[in-house]
Amino acid sequence: MKKFLLTSLVLLVILPLALFLPINYDPPIHSVPAKSFDEAIARADILQAKDDDVALYPGCETQVMTHGQKVEQVIVLLHGYRNCPKQFEALGDIFYAQGYNVIIPRMPHHGLADVLSTDQANLTADELAILVTEAVDIAEGLGDQVTVAGLSTGGVLAGLAAQDRTDVKQAVLMAPVFGLHVIPTPLTTPAINLFQILPNFFLWQNDELKANVPNPPQVYPQNSTRALSQILRLASAVRDEADQSPPAVPTIIVVTNASDDAVNNEMTADVVANWQRNGVDYLDTYEFGAELKLDHDMIDPANPKQKVDVVYPVLIDLITQ
13 MKKFLLTSLV LLVILPLALF LPINYDPPIH SVPAKSFDEA IARADILQAK
63 DDDVALYPGC ETQVMTHGQK VEQVIVLLHG YRNCPKQFEA LGDIFYAQGY
113 NVIIPRMPHH GLADVLSTDQ ANLTADELAI LVTEAVDIAE GLGDQVTVAG
163 LSTGGVLAGL AAQDRTDVKQ AVLMAPVFGL HVIPTPLTTP AINLFQILPN
213 FFLWQNDELK ANVPNPPQVY PQNSTRALSQ ILRLASAVRD EADQSPPAVP
263 TIIVVTNASD DAVNNEMTAD VVANWQRNGV DYLDTYEFGA ELKLDHDMID
313 PANPKQKVDV VYPVLIDLIT Q
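In the working numbering, the protein residues as written are 13 to 333.
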């Protein structure tokens with residue numbers, strides 16, 4: 013009995029302290045840029061072939077739009093958590109019409125036709141880092157100047173590229189999820205550690221509407237705690253790198269939304285401040301005002317709360333300026 017009580021006491025003391033230990037995650041970045049347009053297309057075909065044996069919602073496949081040759085500008089568009097490439101299809105079409113080559117990769121475990129699938133719980137930080145690395149490597153063969161832009165989790169991946177890729181012209185982070193709105197900044201690290209220890213469980217986006225929440229049809233209505241912990245684990249690595257060293261890209265654009273109730277804008281501001289402190293050639297920030305009442309997903313035209321007539325012109329101007 014005494015041994016049990018002693019063990020319980022030790023756990024009660026040590027476990028809370030352990031939750032505050034730093035994440036110390038080093039993303040796997042093994043870049044091998046495509047040396048030609050033909051190589052880029054061959055590698056894009058391999059990336060797209062990963063979708064062949066998966067039952068996906070139509071439009072959720074990795075999308076590659078090219079003009080049949082290497083062009084001056086190429087843009088990598090990275091979708092958010094629980095969504096898929098369809099989220100960026102309309103915006104990608106606009107850039108394509110402007111002469112860009114465009115690649116919109118599908119994140120692992122995303123875009124499944126069964127939006128209630130539990131597969132998203134298998135997402136790992138390594139998978140996300142590997143995906144953005146390969147997407148940028150492919151983009152190197154599609155255009156002379158590479159822009160990497162992403163929303164939410166995609167914004168974190170754009171941040172990773174900003175930190176590590178000297179061959180990228182600019183990184184555009186839109187509502188990046190460096191932390192969650194519902195978790196105070198000081199508790200983000202303990203939350204990441206806790207979610208990695210606990211068994212996965214799912215949280216409805218809307219507890220009342222559950223599967224009937226009015227999302228675009230390809231969006232998962234549930235959050236996986238394990239998937240969120242992996243996304244935030246990668247975000248922690250980007251935050252640590254931004255704190256310790258200057259970014260690799262010459263141009264960074266950070267876009268936030270004052271009415272965003274999904275991500276922690278305070279933590280995004282900290283990353284911006286660290287980049288400014290450590291030195292960056294050019295960094296621009298833009299915040300959509302609270303009066304617009306934009307949803308966190310300000311990109312998908314199928315979002316019932318969309319205001320792309322307001323958002324798209326601003327983003328296009330920021331990216332092409």
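Glycine included, every Cβ here is placed at the ideal spot set by N, Cα and C.
Pairwise C-alpha distance: His91 and Val320: Numbered from 1 along the sequence shown, position 308 holds the residue referred to as residue 320. Numbered from 1 along the sequence shown, position 79 holds the residue referred to as residue 91. Val320 and His91: Cα-Cα distance of roughly 16 Å.
Look up Ile26 in the DSSP assignment and say whether it is helix, strand or coil. Position 14 of the sequence shown, counted from the first residue, corresponds to residue 26. Confidence at Ile26 is low in this model, with a pLDDT of 49, below 50, so the placement of that residue is unreliable and no value is reported for it.
So the alpha helix (DSSP H) Asp149 belongs to, where does it begin and stop? By one-based count along the sequence shown, residue 149 stands at place 137. Unbroken alpha helix (DSSP H) run through Asp149: Ala137 to Glu152.
Assigned exposure category for Asn269 - 16 Cβ within 10 Å defines buried: As a first step, residue 269 is located in the sequence shown; it is residue number 257 there, counting from the start. Asn269 should be labelled buried.
By the three-class DSSP mapping on this structure, what secondary structure does Phe107 have? Walking along the sequence shown from the start, residue 107 turns up at place 95. It is helical.
Identify the residues that DSSP records as bridge partners of Asn113: which are they? The residue labelled residue 113 in the question sits at position 101 within the sequence shown. Its beta-bridge partners are Val86.
Among the candidates Asp309, Val322, Val267 and Arg177, whose CA atom is the shortest distance from the CA of Lys98? On the sequence shown, residue 98 is found 86 positions in, with the first residue counted as 1. The option with the nearest alpha carbon to Lys98 is Asp309.
Contact check, Gln175 vs Ala247, beta carbons under 8 Å: Along the sequence shown, one-based indexing puts residue 175 at 163. Along the sequence shown, one-based indexing puts residue 247 at 235. Against a cut-off of 8 Å, the Cβ pair of Ala247 and Gln175 comes out as no contact.
Val283, enclosing alpha helix (DSSP H) - first and last residue: For the purposes of this step, residue 283 is identified with residue 271 of the sequence shown, where counting begins at 1. Val283 -> alpha helix (DSSP H) spans Asn277 to Asn290.
Among Asp156, Ser129 and Ile265, whose alpha-carbon lies nearest the alpha-carbon of Ser236? Walking along the sequence shown from the start, residue 236 turns up at place 224. Cα-wise, what sits closest to Ser236 is Ser129.
Check for me: the alpha helix (DSSP H) holding Phe49 runs from which residue to which? Within the sequence shown, numbered from 1, the residue matching residue 49 stands at position 37. Phe49 to Ala61 is the span of the alpha helix (DSSP H), which, as asked, contains Phe49.
Taking C-beta to C-beta, are Asp87 and Val44 nearer than 8 Å? For the purposes of this step, residue 87 is taken as residue 75 along the sequence shown, with counting starting at 1. For the purposes of this step, residue 44 is taken as residue 32 along the sequence shown, with counting starting at 1. Contrary to the premise, residue 87 reads as Ile rather than Asp in this sequence. Not a contact, by the Cβ cut-off of 8 Å.
Terminal residues of the beta strand (DSSP E) in which Gly167 lies: The residue given as residue 167 occupies position 155 in the sequence shown. Unbroken run through Gly167 is the alpha helix (DSSP H), Thr165 to Asp176; no beta strand (DSSP E).
CA-CA distance, Thr280 and Gly111? Here residue 280 refers to the residue found at position 268 when the sequence shown is read from its first residue. Here residue 111 refers to the residue found at position 99 when the sequence shown is read from its first residue. Distance between the alpha carbons of Thr280 and Gly111 is about 31 Å.
Have a look at Gly123 and Gln230 and give me their C-alpha separation to the nearest angstrom. Here residue 123 corresponds to residue number 111 of the sequence shown, with the count starting at 1. Here residue 230 corresponds to residue number 218 of the sequence shown, with the count starting at 1. C-alpha separation (whole angstroms): 6 Å.
Work out the CA separation of Val180 and Thr332 for me, nearest whole Å. Position 320 of the sequence shown holds residue 332. Position 168 of the sequence shown holds residue 180. Each residue's alpha carbon lies about 15 Å from the other.
In angstroms, rounded to a whole number, what distance separates the CA positions of Leu31 and Phe107? One-based indexing of the sequence shown puts residue 31 at position 19. One-based indexing of the sequence shown puts residue 107 at position 95. Rounded to the nearest angstrom, the two C-alpha atoms are 44 Å apart.
Is it buried or exposed for Phe300, if we count other Cβ within 10 angstroms and need 16 for buried? Residue 300 sits at position 288 when you count from the first residue of the sequence shown. Buried, by the Cβ-count rule.
Should Leu18 be labelled buried (16 or more other beta-carbon atoms within 10 Å of its own) or exposed? Reading the sequence shown from its first residue, position 6 is the one you call residue 18. Low confidence applies here, because Leu18 scores a pLDDT of 42, under 50, leaving its location unreliable and the question unanswered by this model.
Within 10 angstroms of the Cβ of Ser241, are there 16 or more other Cβ atoms? Answer buried if so, exposed if not. Here residue 241 refers to the residue found at position 229 of the sequence shown. By the 10 Å Cβ count, Ser241 comes out buried.
Of the residues Gln208, Leu199, Ser48 and Pro196, the one placed nearest Ala133, counting alpha carbons only: Reading the sequence shown from its first residue, position 121 is the one you call residue 133. Comparing Cα positions, the closest option is Gln208.
Buried or exposed: Asp312, going by 16 or more other Cβ atoms within 10 Å of its Cβ? Locating residue 312 in the sequence shown gives position 300, where the first residue counts as 1. Counting Cβ neighbours within 10 Å, Asp312 comes out buried, since at least 16 surround it.
Straight-line Cα distance separating Gly291 from Leu215: As a first step, residue 215 must be located in the sequence shown, where it is residue number 203. As a first step, residue 291 must be located in the sequence shown, where it is residue number 279. One C-alpha to the other measures close to 39 Å.
Determine the direct distance from the alpha carbon of Leu185 to that of Val283, and round the result to whole angstroms. For this step, residue 283 is matched to residue 271 along the sequence shown. For this step, residue 185 is matched to residue 173 along the sequence shown. Going by the C-alpha atoms only, they are around 11 Å apart.
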